[in-house]
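Chemist: One rule links them: number in the numbering used here = place in the sequence shown (from 1) + 247.
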Amino acid sequence: MAEPSHVPVMRDACLDALAIRPAGIYIDATFGRGGHARAILERLGPEGQLLVFDQDPDAQAVAKGVFDDPRLVFVARSFAELGDEIAARGLVGRIDGILFDLGVSSPQFDVAERGFSFRHAGPLDMRMNTRTGTTLGEWLARASHGEIARVIKTLGEEPMAGRIAGRILDAREAGTLTDTGALARIVADAVPARISQTKRIHPATRTFQAFRMHINDELGALDAGLAGALSVLAPGGRLAVISFHSLEDRRVKRFMRAQAQPAQPAVPMAAVVAPALSLINKPRRADAMETAANPRARSAMLRVAERTQAPEVIV
């Protein structure tokens, strides 16, 4: 079984969205701890195949230790490289469905050593792939006030970004920026009580989100992953994306709409630009029963589109 602490968000809705055919080839672009992957495998027949992507070494360990299924292929790469990987395997145009479950899996938050959570003191890391890249601590050690404030403002949509950045620099100079617990306290102290007391979330939530997204270039990876998905889907193949905050969802919405409702040329008699995607139903949210059982599902938004036979739209 998948790790007990991880519950796949909107599992049944995702399975319905993918319209799984028993002999099809599918991709779980965000394996995490395998909740969605297991559900997809249950609907695949013996000739079906599931490729799962994840750059997290812990996810790879879960796949090796828990999944003993010849239909599952683990790809230890970011979904930003999905297009290249599928092309190298000769599967372009043969993929029947792709699922993205964006963000951080519950077990990643629960492991203090990963540095994702402000509730557990751990190293200032936040890398999805712990084998490479710059840690949060390394970046904070050299970033300017303007750089830190800009990341917090743009990726966390935090109105107190400048004040928080200043407090972080003060702590860096004083040598008290030691771990995620210290960082959470610094951020919380920077947010006036009149503001923090009116919010239902921890004062450090937006700042931690912003830093995680920056360290992992999550929006850039999402853009690359969506483009790659479009390039490999078979006609009639489904693209399903679960996002958890507005920055991601806006990106997904714009991408799908641009491909489903392309701008037409203003030149008279020019050829009509055919849509490369067809939007499937309206965006869905988790129902009350699921959100009660799994609080992480409260902010989840599922968007689904189907690949047409037209070439992808250049935007």
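Glycine residues also receive a C-beta, built at the ideal position from the N, C-alpha and C atoms. In this text the structure is predicted, and so the values were computed from the model without any measurement.
Looking at the structure shown, is Met248 part of a helix, part of a strand, or coil, going by DSSP?
Modeler: Counting from 1 along the sequence shown, the entry for residue 248 is found at position 1. Its pLDDT being 34, under 50, Met248 is placed unreliably in this model, and the value from its coordinates should be taken loosely. Here Met248 sits in coil by DSSP.
Chemist: Taking the C-alpha atoms as reference points, what is the distance between Arg545 and Asp534?
Modeler: Counting from one through the sequence shown, the residue named residue 545 turns up at place 298. Counting from one through the sequence shown, the residue named residue 534 turns up at place 287. Using only the alpha carbons, I get a separation of about 9 Å.
Chemist: Considering just the uninterrupted stretch of the alpha helix (DSSP H) at Phe458, what are its terminal residues?
Modeler: Here residue 458 corresponds to residue number 211 of the sequence shown, with the count starting at 1. It spans 452-462 - the alpha helix (DSSP H) in which Phe458 sits, taken as one unbroken run.
Chemist: Residues bridged to Met548 by DSSP?
Modeler: Here residue 548 corresponds to residue number 301 of the sequence shown, with the count starting at 1. Beta-bridge pairing links Met548 to Ser490, Arg532.
Chemist: Under the three-state reduction of DSSP, which class applies to Glu289: helix, strand or coil?
Modeler: For the purposes of this step, residue 289 is taken as residue 42 along the sequence shown, with counting starting at 1. Residue state, collapsed to three classes: helix.
Chemist: I'd like to confirm the pairing. Which residues does DSSP put opposite Gln296 in its beta bridges?
Modeler: To locate residue 296, count along the sequence shown from 1; it is residue 49. Paired residues: Ile272.
Chemist: Compare the Cα-Cα distances from Pro482 to each of Val438, Ala557, Ile411, Asp417 and report the closest residue.
Modeler: Walking along the sequence shown from the start, residue 482 turns up at place 235. Among Val438, Ala557, Ile411, Asp417, the Cα nearest to that of Pro482 is on Ala557.
Chemist: Compare the Cα-Cα distances from Thr327 to each of Gly403, Leu346, Glu465 and report the closest residue.
Modeler: Within the sequence shown, numbered from 1, the residue matching residue 327 stands at position 80. First, the residue type needs correcting, since residue 327 is Ala and not Thr in the sequence shown. Measuring from the Cα of Ala327, the nearest candidate turns out to be Glu465.
Chemist: Using DSSP's beta-bridge definition, name the partner residues of Leu346.
Modeler: Counted from its first residue, the sequence shown places residue 346 at position 99. Beta-bridge pairing links Leu346 to Asp275, Ala487.
Chemist: Three-state secondary structure (DSSP) at Ala481?
Modeler: Taking the sequence shown and counting its residues from 1, one reaches residue 481 at position 234. Reduced to three states, the DSSP call for Ala481 is strand.
Chemist: Near Gln506, what residues of its chain come up, given a Cβ to Cβ distance below 6 Å and the 5 sequence neighbours on each side ignored?
Modeler: Residue numbering aside, residue 506 sits at position 259 when the sequence shown is read from its first letter. Excluding positions up to five away in sequence, the list reads Ala523, Leu524, Val560.
Chemist: What number of angstroms, rounded off, separates the C-alpha of Pro515 from the C-alpha of Val499?
Modeler: If you number the sequence shown from 1, residue 515 lands on position 268. If you number the sequence shown from 1, residue 499 lands on position 252. Taking the straight line from one Cα to the other gives about 31 Å.
Chemist: I'd like the list of long-range same chain contacts for Pro251, defined as Cβ closer than 8 Å, with 5 residues on each side in sequence excluded.
Modeler: Locating residue 251 in the sequence shown gives position 4, where the first residue counts as 1. Reliability of the predicted coordinates at Pro251 is poor, the pLDDT of 38 falling under 50, and the value obtained from them is presented with this limitation in mind. Hits under 8 Å: none found.
Chemist: With a Cβ-Cβ cutoff of 8 Å, do Ile527 and Thr454 count as a contact?
Modeler: On the sequence shown, residue 527 is found 280 positions in, with the first residue counted as 1. On the sequence shown, residue 454 is found 207 positions in, with the first residue counted as 1. In this structure, Thr454 does not lie closer than 8 Å to Ile527 by Cβ.
Chemist: In this structure, what does DSSP give as the bridge partners for Phe321?
Modeler: Working through the sequence shown from its first residue, we reach residue 321 at position 74. Paired residues: Val299.
Chemist: Would the beta-carbon of Gly475 fall within 8 Å of that of Gly330?
Modeler: Here residue 475 corresponds to residue number 228 of the sequence shown, with the count starting at 1. Here residue 330 corresponds to residue number 83 of the sequence shown, with the count starting at 1. Their beta carbons are under 8 Å apart, which means Gly475 touches Gly330 by this criterion.
Chemist: Should Ser478 go down as buried or exposed, given a rule of 16 or more other Cβ atoms within 10 Å for buried?
Modeler: Numbered from its first residue, the sequence shown carries residue 478 at position 231. The residue is buried, with at least 16 neighbouring Cβ atoms inside 10 Å.
Chemist: What residue from Gly282, Gly295, Val254, Ala471 has the CA that sits closest to Ile342's CA?
Modeler: The count along the sequence shown starts at 1 and reaches residue 342 at position 95. Ranking the options by Cα distance to Ile342, first place goes to Gly295.
Chemist: Return the residue from the list Phe347, Thr377, Leu349, Gly350 that minimises the CA-CA distance to Arg361.
Modeler: Against the sequence shown, residue 361 aligns to sequence position 114. Out of Phe347, Thr377, Leu349, Gly350, Thr377 has the C-alpha closest to the C-alpha of Arg361.
Chemist: Can you tell me whether Arg564 is helix, strand or coil according to DSSP?
Modeler: The question about residue 564 has no answer, for the chain in this structure spans 248 to 562.
Chemist: Please identify the residue among Ala539, Arg410, Ala308 whose C-alpha is closest to the C-alpha of Gly281.
Modeler: Stepping through the sequence shown from its first residue, residue 281 is reached at position 34. For Gly281, the nearest C-alpha among the options comes from Ala308.
Chemist: Taking its Cβ as the centre, do 16 or more other Cβ atoms sit within 10 Å of Met536, making it buried, or is it exposed?
Modeler: As a position in the sequence shown, residue 536 is number 289, starting the count at 1. Exposed.
Chemist: Alpha carbon to alpha carbon, how far is Leu387 from Glu420? Give it in angstroms, no decimals.
Modeler: Within the sequence shown, residue 420 is the residue found at index 173, counting from 1. Within the sequence shown, residue 387 is the residue found at index 140, counting from 1. So the alpha carbons of these two residues sit roughly 11 Å apart.
Chemist: Drop a sphere of 10 angstroms on the beta-carbon of Glu495, count the other beta-carbons inside from all chains shown, and report buried for 16 or more, exposed for fewer.
Modeler: Locating residue 495 in the sequence shown gives position 248, counting from the first residue. Classification of Glu495: buried, given that the 10 Å Cβ count is 16 or more.
Chemist: Rounded to the nearest angstrom, what separates Phe321 and Ala418 at their Cα positions?
Modeler: As a first step, residue 321 is located in the sequence shown; it is residue number 74 there, counting from the start. As a first step, residue 418 is located in the sequence shown; it is residue number 171 there, counting from the start. For Phe321 and Ala418, the distance between alpha carbons rounds to 42 Å.
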